[in-house]
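Here's the structure we're looking at; comments come further down.
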Amino acid sequence: MADSTPELWKLLAWNGISLRVPPHWEVSSLATSYLQLDDGDGPVLELKWQQLKGSFSHKSHMRKLARFSGAGSGVNFQQRSLPERWRQLLQGFEAQSFEWHGQEIGGEGVILYCTMCQKATLLQFYQRMGVNDPLVTLQVLNSFRDHSEDGWVTWSLYGLRALMPHRFVLVSHSFHPGHYQLVFQHGHEHVTLSRWGPADILLKEGDLLDWFENRCREFRWCMTSSFRKHNFRGNPAIGGQSRRSNGPGARLWAQVTRKLPHIWIRIWHLPTSNQILGVTARGLKPLDEKTLEEICSNYEVV
0 MADSTPELWK
10 LLAWNGISLR
20 VPPHWEVSSL
30 ATSYLQLDDG
40 DGPVLELKWQ
50 QLKGSFSHKS
60 HMRKLARFSG
70 AGSGVNFQQR
80 SLPERWRQLL
90 QGFEAQSFEW
100 HGQEIGGEGV
110 ILYCTMCQKA
120 TLLQFYQRMG
130 VNDPLVTLQV
140 LNSFRDHSED
150 GWVTWSLYGL
160 RALMPHRFVL
170 VSHSFHPGHY
180 QLVFQHGHEH
190 VTLSRWGPAD
200 ILLKEGDLLD
210 WFENRCREFR
220 WCMTSSFRKH
230 NFRGNPAIGG
240 QSRRSNGPGA
250 RLWAQVTRKL
260 PHIWIRIWHL
270 PTSNQILGVT
280 ARGLKPLDEK
290 TLEEICSNYE
300 VV
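Under numbering that gives the first Met the number 0, the first residue of the sequence shown carries the number 0, and numbering increases by one thereafter.
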């Protein structure tokens, strides 16, 4: 079965955490530091995480979970010893496991704390009517990571995959039919990853440049003759950057207009997946093109 074949599982990575899950598990609820996954019949996994400062107490977090049980709740919650097979997979974490039972659904999970990155994570696996595959749970736990060690953070969700420098923080996200967008910020630097589709509908009235000029009018103020058509990784692309001064005048102009003076854009068409991808960066100072090139090279449809 595909569930017990990790080679066929898909990577899910969101805001610092990553794991591999069966291919039919889909994200049904999403927030900045929260994910819920469903298998088509109901919830199967819930994740919550938080970057902490100072000490961490498993006991206090267990007390918070226990509040949902008790007389009248229909839920029996209890802390339990960490199963030995879980312990072997989670040696890099401080871990405490729990389980709960209701009339028709139950669950088991673990609260993890990583002393290296100071992140606490709750993973909760739902069990419906006694249906549970312990091997799937073990494989998910084995794949779980809560930080990277190379300075880049992986983002993989809804068919998109990207790498972003660790210094950039997610400030907004939207996943609407036909348009996905992730917006990151570090100081006065802003980077936006976009996806539009289906491309054959969007481009039926012209080429990529025609579509961009009609769709992305907010960038017209900064475009110069440097904006041009080109080829990116074998695909049609357009791109360019503003040519403004880095002096006090440019910074004053930015304060008055509330527009960052330096902007860099690349948009490319992926005919094989029928999508359009885009990377847009803005800043008070000229942007590091080497970093932007690496972001583009690692931004893809999967």
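C-beta: ideal position from N, C-alpha, C; glycine also.
For D199, the enclosing alpha helix (DSSP H) starts and ends at A198 to L201. P164 and W151 have their alpha carbons spaced roughly 5 Å apart. If you ignore the 5 residues before and after P235, its C-beta comes within less than 6 Å of the C-beta of L207 and H268, all in its own chain and listed in chain order. Taking a 10 Å sphere around the C-beta of R194, we find 16 or more other C-beta atoms and assign the residue as buried.
According to DSSP, N230 shares a beta bridge with P235. For the pair D145 and C113, the CB atoms are nearer than the 9 Å cut-off. Fully contained in the segment 97-134 are the following beta strand (DSSP E) runs of length 3 or more, in chain order: 104-113 and 118-127.
Taking 3 residues as the minimum length, the beta strand (DSSP E) runs contained wholly in the segment 7-71 are 9-13, 16-20, 25-30, 33-37 and 42-50, in order along the chain. In the structure shown, L159 adopts extended strand secondary structure according to DSSP, grouped into three states. E107 sits buried, since 16 or more C-beta atoms from the chains shown fall within 10 Å of its C-beta. Among the bridge pairs identified by DSSP, R144 is matched with S17.
Cα atoms of A65 and P270: separation of roughly 52 Å, rounded to the nearest angstrom.
Taking a 10 Å sphere around the C-beta of Y157, we find fewer than 16 other C-beta atoms and assign the residue as exposed. For the set H189, Y125 and H175, the Cα lying nearest the Cα of F167 is the one of H189.
When DSSP states are grouped into helix, strand and coil, N75 belongs to the strand group. Contact between the segment 197-213 and the segment 43-57 is absent: fewer than three C-beta pairs spanning the two stretches fall below 8 Å. Distance between V300 and Q274, taken at the CA atoms: about 8 Å. Within the same chain, Cβ atoms closer than 8 Å to the Cβ of P42 are found at S27, Q35, L36 and Y125, the five residues on either side in sequence being excluded. For I110 against L121, the beta-carbon gap comes to about 5 Å, under 8 Å, which counts as contact.
In the three-state scheme derived from DSSP, where H, G and I count as helix and E and B as strand, E204 is classed as coil.
By alpha-carbon distance to R265, the top candidate from S272, I294, L283 and G282 is I294.
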